Amino acid sequence: MRQEPINRLSEKGLRVWRIYGIFQSLIALLVGVGVGVINYFTGQHLWIYIVDGIVLFLIGYLLIYLFPKIRWTRWRYEVREQEIELQHGLFIVKRTLVPMVRVQHVDTEQGPILRKYDLSSITISTAATDHTIPALVTAEADELRGRISILARVAEDDV
Amino acid sequence: MSKEKFTLHPISAVINFIKVLKEMIVPLIVVIAVNGFGGGGNEGWTSYIVYIIYAVLLIAMLVSGIIRWKRFRYWFEEEELRIEYGLFVKKKRYIPFERIQSLNYTEGILHRPFGLVKVKVETAGGGATKEADAELTAISKEAAEQIKKEMNLAKNRVSESEDQDLPLQLEEQVVQQRKPLFRMSQKDLLILASTSGGVGVFFSGLAVFVSQFSELIPYETIYNEIIMFIRFGALLIALAVFFVLLVAWIVSVAITFINYYEFTIRVEDDEIIITRGLLEKKKITIPLSRIQGVRIMENPLRQLTGYATVIVDSAGGSMAEKDEKIRLLPLIKKDQITPILVQIFPNYEFEASFTRVPKRSRKFFYRLDFLWIIPVAGAVSYFFYPFGLLSLLLLPLSFLLGAWQHKTAGYWMDEKQLVIQYRLFSRVSLWVEKKRIQAMTERTTYFQKKAAVSSIMTTIKSGVAGSTTIVPHIEKKDAESLMEWYEPTRKESINIQKEQPF
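Sequence order for the protein chains is W and D. Take the position in the first sequence, starting the count at 1, then add 2; the result is the number in the numbering used here. Take the position in the second sequence, starting the count at 1, then add 1433; the result is the number in the numbering used here.
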């Protein structure tokens, strides 16, 4: 077995994903309430209320608790001298290798929620692909961006 | 360096006009046809207003074509090709010669009597702006030759200032015409034309046409006529459909025949040069350094008859419009492929002995399809009983296709390159050098993990974006050895030879 990449995302990233999960659940809640209201005016079937409630609870549980947890535990990355390795995925585990020679530019980005938690995401672009590490402490992300861009410049195509 | 400014040939005014006209011709015809059909209803001058508008438009287009020709200037200055153009707003574009990737020539019907060519200038970037980086609508062949000369001169000067060793005579030896590597025979051309999927292209074109001008088409009239038509019976409809298909097929055969007439490729100065076309002679240049991968495609019909198509993926540029998949050999007997490819790509190894996919992963090739087929077929069977039951046939069919795909899939690698073989319907074999792979991903689902298999996704650059090819459901340990093969840290650096990365 090949070794997993060693670095994890920031723990705060998990909290941010939970917040995203809450937002997504809110949309589900809106639909659920809509179903409830329609049921109230049309048939008032008890079982529809019950199913509606269970589904909503399940969605909330999955989106806010379980999925972020799995995703966070799965997410690993490692930046070595000659390549970047990433591992992520909820149902499908993806392990990606990006050689330093192929890296064209590195960006860091920060949305309003990420900013509140002092996090950044970092995107590594090759000529044909983009790879994002989603939640790193901003200082760490900046440091990493600098490191990758130096390594990418140093790396030589020796094939 | 001369600072003389050159203009285009006057015929380009006509070409500009025709180009705009081409875009307008369809609505024009539709409107005229509709008015003609509606006849009798609206009388008086109102019925002419449309024609008057069109006449005015026509004149405006002609004038704008002339102005655009008049305004166009190009010249060479400071190692750059400089262009000045614009209808109302004067625009200037300076293209440094060293950034020019290729010059592509096209000879249209209008070009040929005057010995002119259209020149498309392409640079490495070219991604953001959709059009070719610069287009000289019509210049004489000598002028086109001069651009090439200026470009080579400038390029040599640049490399000279960088390292003194290069002699100036380089351009002398550059001009040596070589014998074409491949010329498609008339017989193959006919086979290509008659078996190509051009019918589909024609229909999609038709669909686009209809959707674009749907407001102008009198659906109600057509609808009524269709109702009338149905009364004539199903036979007539079937005949009509057949007739339409036949016409579409003939048209597509003709189009393919015209486009690929006298298809030849030759290699000159590390560039592949493709020439083709009957009415419009096209000359496409692809620098070898831009080629990212080579695909051999065999659709089932052609696989049976021993024919295949060879396609190359090229990075950047805009010459193949959508994605940069260029037909290098549109149709060729399979046993003739390797001798030609070896001459073009000496770096590749074309003899591959594939590692196939383990037997236990066969289920992965059709199981996912069952997930959508079962509910869909179930619903169709229920609602359209009894004929809907026929949809259940999809199950064995998709199973067979999956088994076929499973049998085809495989990969092979050596030190420098990876070969992937897979099938959707057509069998595709992709040759790609390790240094051209932009990123590689190992992908494992929960079920794959249980069966100890995984898939490998390789991405190469194709056009301005990427193109991902999957080695599906191979042994876990094979997948890991592929990842290790790709991982720069793991491998010893044996070759010191440098190459320009893309």
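Ideal Cβ positions, reconstructed from N, Cα and C, are used throughout, including at glycine. Please read these numbers as outputs of a predicted model, since none were measured by experiment.
Original post:
If you count every other CB in all the chains shown that lies within 10 Å of the CB of D:R1545, and 16 or more means buried, which is it?
Top reply: Residue environment: D:R1545 is assigned as exposed (fewer than 16 neighbouring CB atoms within 10 Å of its CB, all protein chains considered).
Subject >> Beta carbon proximity, W:P101 to chain D, threshold 9 Å >> reply: Yes, W:P101 counts as interfacial toward chain D.
**OP:** Let me know the secondary structure DSSP gives D:S1786 once reduced to three states.
**Re:** Here D:S1786 sits in coil by DSSP.
Subject >> Of the residues W:F25, W:Y63, W:G23, W:G55, the one placed nearest W:G38, counting alpha carbons only >> reply: For W:G38, the nearest C-alpha among the options comes from W:G55.
Original post:
Can you tell me whether D:W1864 is buried or exposed, with buried defined as 16 or more other CB within 10 angstroms of its CB?
Top reply: Burial state of D:W1864 is buried, judged by a 10 Å Cβ sphere holding 16 or more other Cβ atoms.
**OP:** Pair every Cβ in the segment 1808–1820 of chain D with every Cβ in the segment 1876–1896 of chain D, then say whether three or more of these pairs are closer than 8 Å.
**Re:** No: fewer than three Cβ pairs fall under 8 Å.
**OP:** State the Cα-Cα distance for the pair D:Q1725 and D:F1787, rounded to the nearest angstrom.
**Re:** The straight-line gap from Cα to Cα measures roughly 21 Å.
Original post:
CB-CB under 8 Å to W:H90, same chain, minus the five flanking residues each way: which ones, in chain order?
Top reply: The residues are R73, R76, W77, R78, K96.
Original post:
Within 9 Å (strictly less), CB to CB, does D:M1457 reach chain W?
Top reply: For D:M1457, no CB of chain W lies under 9 Å from its own CB, so it is not counted at the interface with that chain.
**OP:** Check whether the segment 1530–1549 of chain D touches the segment 1568–1586 of chain D, taking contact to mean three or more Cβ pairs, one atom from each stretch, closer than 8 Å.
**Re:** Yes, they touch.
Original post:
So is D:M1730 in contact with chain W if we call contact Cβ pairs under 9 Å?
Top reply: Using a Cβ-Cβ cut-off of 9 Å, D:M1730 does not count as an interface residue toward chain W, since no Cβ of chain W sits closer than that to its own.
Original post:
Starting from D:R1860 and walking both ways along the beta strand (DSSP E), at which residues does that stretch end?
Top reply: Counting along the chain, the beta strand (DSSP E) containing D:R1860 begins and ends at 1860–1866.
Original post:
If we call anything under 9 Å between Cβ atoms a contact, is D:S1888 one with D:V1904?
Top reply: Less than 9 Å divides the Cβ of D:S1888 from the Cβ of D:V1904.
Original post:
Which chain W residues sit within Cβ distance under 8 Å of D:I1893?
Top reply: In chain order, A130 make up the part of chain W whose C-beta sits under 8 Å from the C-beta of D:I1893.
Subject >> Three-state secondary structure (DSSP) of D:M1584 >> reply: It is helical.
Original post:
Between D:F1765 and D:G1835, what straight-line distance do the alpha-carbon atoms span, to the nearest angstrom?
Top reply: The residue you asked about is not Phe; residue 1765 of chain D is Ile in the sequence shown. The alpha-carbon atoms of D:I1765 and D:G1835 are separated by roughly 27 Å.
Original post:
Helix or strand or just coil, what does DSSP make of W:N156?
Top reply: Note that residue 156 of chain W is Val in the sequence shown here, rather than Asn. Reduced to three states, the DSSP call for W:V156 is helix.
Subject >> Assigned secondary structure, W:P136 (DSSP; H/G/I helix, E/B strand, else coil) >> reply: In the structure shown, W:P136 sits in a strand (DSSP, three-state: E or B).
**OP:** Return helix, strand or coil for W:R82, following the three-state DSSP convention.
**Re:** W:R82 falls in the coil class under three-state DSSP.
**OP:** Please confirm if W:I8 has its CB atom under 9 Å from at least one CB of chain D.
**Re:** So, not an interface residue.
Original post:
Is there a Cβ from chain D that is less than 9 Å from the Cβ of W:Q26?
Top reply: False, the Cβ-Cβ gap to chain D never drops below 9 Å.
Original post:
Is there contact between the segment 52–69 of chain W and the segment 97–106 of chain W, where contact requires at least three CB pairs shorter than 8 Å?
Top reply: No, the segment 52–69 of chain W is not in contact with the segment 97–106 of chain W.
Subject >> Boundaries (first-last residue) of the alpha helix (DSSP H) holding D:H1839 >> reply: Bounds of the alpha helix (DSSP H) holding D:H1839 are 1827–1841.
**OP:** Run through the segment 1693–1778 of chain D for me and flag every whole beta strand (DSSP E) of 3 or more residues, listed as ranges in chain order.
**Re:** The segment 1693–1778 of chain D contains, as complete beta strand (DSSP E) runs of 3+ residues, the segments 1697–1701, 1704–1709, 1714–1720, 1724–1731, 1740–1747, 1758–1766 (chain order).
**OP:** Could you tell me if D:K1894 is buried or exposed, where buried requires 16 or more neighbouring beta carbons within 10 angstroms of its beta carbon?
**Re:** Buried, since its Cβ has 16 or more Cβ neighbours within 10 Å.
**OP:** If I'm right that D:P1613 touches D:T1697 with Cβ under 8 Å, what's the distance once you round it to whole angstroms?
**Re:** Between D:T1697 and D:P1613 the Cβ distance is about 4 Å, and since that is below 8 Å, they are a contact.
Original post:
Quick one, which residues of the segment 1822–1845 of chain D are near chain W if we go by CB-CB under 7 Å, in chain order?
Top reply: Taking 7 Å as the Cβ-Cβ cut-off against chain W, none of the residues of the segment 1822–1845 of chain D qualify.
**OP:** Check each residue of the segment 1908–1924 of chain D: if its Cβ is closer than 8 Å to any Cβ of chain W, include it; give the result in chain order.
**Re:** Considering only beta carbons, the part of the segment 1908–1924 of chain D lying closer than 8 Å to chain W consists of E1913, M1916, E1917, Y1919, E1920, P1921, T1922, in chain order.
**OP:** Run the CB neighbour count on D:Q1619, radius 10 Å, all protein chains shown included, and call it buried at 16 or more, exposed below.
**Re:** Around the Cβ of D:Q1619, a 10 Å sphere holds fewer than 16 other Cβ atoms; the residue is exposed.
Original post:
By DSSP, does D:P1934 sit in helix, in strand, or in coil?
Top reply: Here D:P1934 scores only 46 on pLDDT, less than 50, and its place in the model should not be relied on; the value that follows carries that caveat. In this structure, D:P1934 counts as coil in the three-state DSSP scheme.
**OP:** Flag D:Q1534 as yes if its beta-carbon sits less than 9 Å from any beta-carbon of chain W, otherwise no.
**Re:** Answer no: the Cβ-Cβ gap between D:Q1534 and chain W never drops below 9 Å.
Original post:
If you run the structure through DSSP and keep just helix, strand and coil, what is W:L11?
Top reply: Under the three-state reduction of DSSP output, W:L11 falls in the coil class, being neither helix nor strand.
Subject >> Closer than 9 Å to chain D by CB, W:A141 >> reply: Interface residue (Cβ-Cβ distance to chain D less than 9 Å): W:A141 is not classified as such.
Original post:
Going by beta carbon distance, what residues of the same chain come within less than 6 Å of W:I8, once the five residues before and after it are set aside?
Top reply: Excluding residues within five positions, the ones whose Cβ falls inside 6 Å are E80.
Subject >> Contacts of D:Y1936 in chain W (Cβ-Cβ under 7 Å) >> reply: Absent from the structure is residue 1936 of chain D, since the part of chain D shown begins at 1434 and ends at 1935.
Original post:
Under 9 Å between C-beta atoms, does W:T98 make it to chain D?
Top reply: At least one C-beta of chain D is nearer than 9 Å to the C-beta of W:T98.
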